[in-house]
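All the letters of the sequence shown, read from the start, carry residue numbers 7 to 203 under our numbering.
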Amino acid sequence: MFAVILTVFAVIHTVVIVSGGAHILTLETMDGEIVSGLPEEKADCILILGAGVRNGAPSAMLKERLELGAALFRAGAADTILVSGDYDSEYYNEPQVMADYLTGAKGVPQACVLSDAAGFSTYESIVRAKDVFGMKSVIIVTQKYHLYRALYIASALGMEAYGADAQRESYFGRSYREARECLARIKDFFVCLSRGR
Numbered sequence: 007m008f009a010v011i012l013t014v015f016a017v018i019h020t021v022v023i024v025s026g027g028a029h030i031l032t033l034e035t036m037d038g039e040i041v042s043g044l045p046e047e048k049a050d051c052i053l054i055l056g057a058g059v060r061n062g063a064p065s066a067m068l069k070e071r072l073e074l075g076a077a078l079f080r081a082g083a084a085d086t087i088l089v090s091g092d093y094d095s096e097y098y099n100e101p102q103v104m105a106d107y108l109t110g111a112k113g114v115p116q117a118c119v120l121s122d123a124a125g126f127s128t129y130e131s132i133v134r135a136k137d138v139f140g141m142k143s144v145i146i147v148t149q150k151y152h153l154y155r156a157l158y159i160a161s162a163l164g165m166e167a168y169g170a171d172a173q174r175e176s177y178f179g180r181s182y183r184e185a186r187e188c189l190a191r192i193k194d195f196f197v198c199l200s201r202g203r
């Protein structure tokens, strides 16, 4: 029985990776700017998923996502950036920190940045991008290990979605994050299945 469960989980894991991996963009950059690899048509938005803030500033992983999101915006991938993350309290407002970084350090016009303060999970961020913000096509920005699941969810929701890999550095805790992500892929596979999404 245990062997059957492991086999089922392995199949689900593979389905999510193969499905999501087919939509990860191969971007060519020069001096930090994107010169090729974008979809032919603009997306409705660039969706940047949260990754934690420290003392009012983006974590290193989140900063990578914001840098790439800003580069995609400058390259004309979309006219809107949607930042989605956790607004836990007045002391922890992830999307506000993300928006401030984009409009301050990266010079993205404030009118072009939307914030979703109820993106408490990858699934919720993507569902809300579609159902609350009306986005039908997105370029999702996160690190590659996370992109597979995000793109699988977006596809299950019927969205046209591409992924942009923000991974530039290797961070402490990688093995833990990847193991956690394996479990999250299985969970969200069943969430999509059970909710008819």
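We put the beta carbon where it would ideally sit given N, CA and C, even for glycine.
Burial state of residue i (16 or more Cβ within 10 Å)
{"i": "residue 141", "result": "buried"}
{"i": "residue 82", "result": "exposed"}
{"i": "residue 75", "result": "buried"}
{"i": "residue 16", "result": "exposed"}
{"i": "residue 10", "result": "exposed"}
{"i": "residue 165", "result": "buried"}
{"i": "residue 135", "result": "buried"}
{"i": "residue 21", "result": "exposed"}
Residues near residue i in its chain [Cβ-Cβ closer than 6 Å; skip 5 each side]
{"i": "residue 95", "result": "none"}
{"i": "residue 110", "result": "none"}
{"i": "residue 187", "result": "151"}
Whole-angstrom distance between residue j and residue i, CA atom to CA atom
{"i": "residue 84", "j": "residue 14", "result": "38 Å"}
{"i": "residue 103", "j": "residue 18", "result": "35 Å"}
{"i": "residue 153", "j": "residue 7", "result": "31 Å"}
{"i": "residue 151", "j": "residue 99", "result": "25 Å"}
{"i": "residue 115", "j": "residue 70", "result": "19 Å"}
{"i": "residue 62", "j": "residue 68", "result": "12 Å"}
{"i": "residue 12", "j": "residue 123", "result": "36 Å"}
Presumed contact (8 Å Cβ cut-off) between residue i and residue j, rounded CB distance
{"i": "residue 120", "j": "residue 72", "result": "Not quite, the Cβ-Cβ distance comes to about 14 Å (not below 8 Å), so this is no contact."}
{"i": "residue 163", "j": "residue 132", "result": "6 Å"}
{"i": "residue 184", "j": "residue 66", "result": "About 17 Å separates the two Cβ atoms, so there is no contact after all."}
Residues near residue i by beta carbon distance below 8 Å, same chain, minus five either side
{"i": "residue 168", "result": "29, 30, 31, 45, 49, 144, 145, 146, 157"}
Beta-carbon contacts of residue i that lie in its chain and below 7 Å, excluding the five residues immediately before and after
{"i": "residue 171", "result": "30, 149, 150, 153"}
State whether the region 90-107 contacts the region 55-64, with contact taken as three or more CB pairs (one from each stretch) at a distance under 8 Å.
-> yes
Between the region 154-171 and the region 188-200, do three or more beta carbon pairs fall short of 8 Å?
-> yes
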